[in-house]
Amino acid sequence: MKINRRSFAKAAAAVAVAGVFGTGAITSAFAGVSLTGAGSTWVYPLVAKWSAAYEKQTGNKVNYQSIGSGGGIAQIKAGTVAFGASDMPLKPEDLEKEGLIQFPTAVAGEDLVMNLPGIKPGELILSGPVVADIYLGKIKKWNDPAIAKLNPGVKLPDMNITVVHRSDGSGTTFTFADYLSKVSPEWKEKVGANTSLNWPTGVGGKGNEGVAAYVQRIPGSIGYVEYAYILENKLNYARMVNRDGKVVSPSLKGFQDAAAHVDFNKAKDFYVILTDHTGPDTWPISGCTWQILSKKAPKATNEEVTKFFLWGFENGQSMAESISFGPLPKSTVDVIKTYWKTNLGI
Amino acid sequence: MSASGAVASQSLDKDASEQKSATKAGSSFADFLFRKGTGLVALIVAVTLLAVMISLIVEGWQALHTFGWKFLVTTTWDPVTNEFGALVFIIGTLVSSAIAMLIAVPVSFGIALFISELSPNWLRGPVSAVIELLAAIPSIIYGMWGLLVFAPWFGNIEPWINDHLGAIPGIGVLFQGPPMGIGMLTAGIVLAIMVIPFIASIMRDVFLITPPALKESAYALGATTWEVARNVILPYTRTAVTGGIFLGLGRALGETMAVTFIIGNANNLSASLLMPGASIASVIANEFTEATTSLYKSSLLALGLVLFVITVIVLALAKLLLLRLEATQEGKKS
Chain A
95 MKINRRSFAK
105 AAAAVAVAGV
115 FGTGAITSAF
125 AGVSLTGAGS
135 TWVYPLVAKW
145 SAAYEKQTGN
155 KVNYQSIGSG
165 GGIAQIKAGT
175 VAFGASDMPL
185 KPEDLEKEGL
195 IQFPTAVAGE
205 DLVMNLPGIK
215 PGELILSGPV
225 VADIYLGKIK
235 KWNDPAIAKL
245 NPGVKLPDMN
255 ITVVHRSDGS
265 GTTFTFADYL
275 SKVSPEWKEK
285 VGANTSLNWP
295 TGVGGKGNEG
305 VAAYVQRIPG
315 SIGYVEYAYI
325 LENKLNYARM
335 VNRDGKVVSP
345 SLKGFQDAAA
355 HVDFNKAKDF
365 YVILTDHTGP
375 DTWPISGCTW
385 QILSKKAPKA
395 TNEEVTKFFL
405 WGFENGQSMA
415 ESISFGPLPK
425 STVDVIKTYW
435 KTNLGI
Chain B
21 MSASGAVASQ
31 SLDKDASEQK
41 SATKAGSSFA
51 DFLFRKGTGL
61 VALIVAVTLL
71 AVMISLIVEG
81 WQALHTFGWK
91 FLVTTTWDPV
101 TNEFGALVFI
111 IGTLVSSAIA
121 MLIAVPVSFG
131 IALFISELSP
141 NWLRGPVSAV
151 IELLAAIPSI
161 IYGMWGLLVF
171 APWFGNIEPW
181 INDHLGAIPG
191 IGVLFQGPPM
201 GIGMLTAGIV
211 LAIMVIPFIA
221 SIMRDVFLIT
231 PPALKESAYA
241 LGATTWEVAR
251 NVILPYTRTA
261 VTGGIFLGLG
271 RALGETMAVT
281 FIIGNANNLS
291 ASLLMPGASI
301 ASVIANEFTE
311 ATTSLYKSSL
321 LALGLVLFVI
331 TVIVLALAKL
341 LLLRLEATQE
351 GKKS
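One line per chain: the protein sequences are A and B, in this order. One rule links them: number in the working numbering = place in the first sequence (from 1) + 94. One rule links them: number in the working numbering = place in the second sequence (from 1) + 20.
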């Protein structure tokens, strides 16, 4: 058989194009683009859902590995993935140093859940400072005056409080601890905020499911889990007093309000955390996941990544809501688009 | 690995071709290859072990260098301020394993003795098979079972433990705490269940090879089963029994997933066994994915090195013990 010179040249060109795409993105004549991302476990359900629908519509594949935010950051720095996802934003100076950029993906929230006999879901009201004191081990009983003051008319049991927290490093913990740092100076000084903490008290469960299992098992316990987890498992959740002093229940709208009250135009590199913001309906423990891209990556790769997320922002809203993620408000998406233009030229 | 595979297949080919000629010189050449091949495979194990240790030292160096000896003797583990001390986890590992051995050794002894001496013949096979199946259950299953089934049940027992064992002066403090069902004691008990099959299988195997003549002589002298076990079987098999116990201990020290689920994961020391704790393996499993700073990651790897060293020490002690046992046996014989 004679080898057709022209088709050989074409194949060589295709290989060359694939080479240009380089890190994380590979094209071929037969399938669409294939992107690889890695990081946060929190955002995994959302990216997985979006990528399945995106592939169906465009033929482009997005593989996402939920290896944890730390791993995501390390991999995007090393240039082995096209995007990394982190629940904790990187500081602008760190981004600068590593030649990275970041933008938010979707908002979510978390709430406290309890095992309190005789108290219905949503009946108990808590405030940030009270939660901080509980997690500092200063409030030890459910009928403590500080809790009773927030819940007039509720019969609080004379029970010891068992604090439950996450044992694994997690963005859920970071968001929770960031909130407590904002509302309690003592928390900020003694504990601080990170994905893992030096907890003053309590037991640690692995993952949302671990915390939920402990809370359901231990009478008098309190834990924090993602909102989606509360819905699925019908856990006994608390209402919270927000920054405006209003009592609110966790809801997608509350998370979105938190994002809406943040001025992303002003925050450099979107370095702003959604906890404890103003607004009458704003849920105080709202969080967000950031996607991190590298400026050093080939432009074509970054173009494909931004295309995917823009598609998600514009077409994936109901998908996001179905798994309890709040889509970003349009104003935020516009800011992100401008940010891409200035930083990536896309 | 691939190198050893190539060598192995090469020597196999050689083996096959040499067999055809079946000359004396040829077979001694095959012998030569066989000896070198097996030697190489054994060497690879040693090299791997060394490589693991070196890479743990290299990766953990930053932490060891920053904290020095304080890494081993301080209890603060604070990712926020980047202060890391391993003492809580070292103690957690040792205590949970000690509890496991305290339970597993007598139980395994009983199981092995039952199978080898007391059980009717028809029951021997099924009981042995069940014990060996226990060893085949993945540790994550033990963890889930421990968390969802055992811990809630144990939580109901703990008030009783509080009231009775907790009231004993002296050791009572070990058994006082909130009845959560999870904690150091729960982890120790589940670990015991996990190591029993290993210890029991080894004990059974060595009990069965005790020469019948010895046992029968003792029975003929009017000894009871217990006396035979204590005075004939155990002395005859004690080196192998000790080896089995340390194999179980090695497994208990490094067990990760099951412990992570049920130990409670609290990074602080507590006198009570009912309180949550943490082990070296559990804290690495928990925190490795989100360890973002280099010192943090280095500290986790240094923890791995500490576990490695603990295991080596335990195995070395076992070896020493075996040598001494053998020496005393030799002494008795002569």
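Where a beta carbon is used, it is the ideal one built from N, C-alpha and C, also for glycine. Since we're looking at a predicted model, the values are computed, not measured.
Exposed unless 16 or more other CB atoms sit within 10 angstroms - verdict on Phe124 (chain A): Residue placement at Phe124 (chain A) is poorly supported in this model, since its pLDDT is 46, which falls under 50; the coordinates are not used for a value here.
Within-8 Å CB hit, Ala336 (chain B) to chain A: no
Within-8 Å CB hit, Gly381 (chain A) to chain B: no
Helix, strand or coil at Asn437 (chain A) [DSSP, three-state]: helix
Beta-carbon proximity of Thr309 (chain B) to Asp188 (chain A), cut-off 8 Å: no
Below-8 Å beta-carbon distance, Ser41 (chain B) vs any chain A residue: In this predicted model, Ser41 (chain B) has a pLDDT of only 49, less than 50, meaning its place in the structure is not dependable; the value taken from the coordinates is given anyway. Cβ-Cβ to chain A under 8 Å: no for Ser41 (chain B).
Contact set between Met223 (chain B) and chain A, taken where Cβ atoms lie within less than 9 Å: Chain A residues near Met223 (chain B): none, gap ~34 Å exceeds 9 Å.
Per DSSP, cross-strand counterpart(s) of Glu79 (chain B): None, per the DSSP bridge assignment.
Those residues which DSSP pairs with Pro189 (chain B) across a bridge: Answer by DSSP bridge pairing: none, since Pro189 (chain B) is not bridged.
Contacts of Val285 (chain A) in chain B (Cβ-Cβ under 8 Å): Val100
Contact set between the segment 288 to 307 of chain A and chain B, restricted to residues whose Cβ is under 9 Å from the partner: Asn288, Thr289, Ser290, Leu291, Asn292, Trp293, Pro294, Thr295, Gly296, Val297, Gly298, Gly299, Lys300, Gly304 and Ala307
Test item: CB-CB of Asn437 (chain A) and Ile195 (chain A) under 8 Å: yes
Where Ile312 (chain A) meets chain B, residues with beta-carbon distance less than 9 Å: Gly175, Pro198, Pro199, Met200, Gly201 and Ile202
Beta-carbon proximity check, Ile283 (chain B) vs Gly203 (chain B), cutoff 8 Å: yes
Ala42 (chain B) to Ile229 (chain B) span [Cα, whole Å]: Interpretation of Ala42 (chain B) is limited by its pLDDT of 49, a score under 50 that renders its predicted location unreliable; the figure taken from the coordinates is listed afterwards. Roughly 38 Å separates the two Cα atoms.
Neighbourhood of Gly192 (chain B) by C-beta distance below 8 Å, restricted to the same chain and skipping five residues each side: Leu185 and Gly186
DSSP-derived helix/strand/coil call for Pro158 (chain B): coil
Asn209 (chain A) to Leu230 (chain A) span [Cα, whole Å]: 19 Å
Collapsed DSSP secondary structure at Ala200 (chain A) in the structure displayed: strand
CB contact check: Ser278 (chain A) to chain B, cutoff 8 Å: no
Glu398 (chain A), buried or exposed, once every other Cβ within 10 Å from all chains shown has been counted against 16: buried
Close beta carbons around Pro344 (chain A), own chain, < 6 Å, minus the five adjacent residues each side: Gly203, Asp205, Tyr321 and Trp377
Rounded separation between Leu168 (chain B) and Gly80 (chain B) - CA only: 35 Å
Rounded separation between Thr135 (chain A) and Thr101 (chain B) - CA only: 24 Å
Contact list for Asn182 (chain B) against chain A, beta-carbon separation under 8 Å: Ordered by position in chain A, no residue passes the 8 Å Cβ test against Asn182 (chain B), which lies about 13 Å from the chain.
For Phe358 (chain A), three-class secondary structure by DSSP: coil
Cut-off 7 Å between Cβ atoms - residues of its own chain near Ile135 (chain B), not counting five sequence neighbours on either side: Arg144, Val147, Ser148 and Arg224
Among B:Ala171, B:Ser302, B:Ala155 and B:Pro296, the one whose alpha carbon lies nearest that of Ser221 (chain B): B:Ala155
Any 3 or more C-beta pairs closer than 8 Å across the segment 334 to 343 of chain A and the segment 234 to 241 of chain A: no
Below-8 Å beta-carbon distance, Thr276 (chain B) vs any chain A residue: no
Ranges of the alpha helix (DSSP H) found wholly within the segment 307 to 356 of chain A, counting only runs of at least 4: 321 to 327 and 346 to 354
Rounded distance between the beta-carbons of Gly265 (chain A) and Thr289 (chain A), thought under 8 Å: 6 Å
Identity of the residue in A:Ile417, A:Val156, A:Phe270 and A:Glu217 nearest Ala332 (chain A) by Cα: A:Glu217
For His259 (chain A), the three-state DSSP class (helix, strand or coil): strand
Sequence-distant residues of the same chain with beta carbon closer than 8 Å to Leu335 (chain B), five excluded per side: Phe266 and Gly270
Opening and closing residue of the beta strand (DSSP E) in which Phe177 (chain A) lies: Phe177 to Ser180
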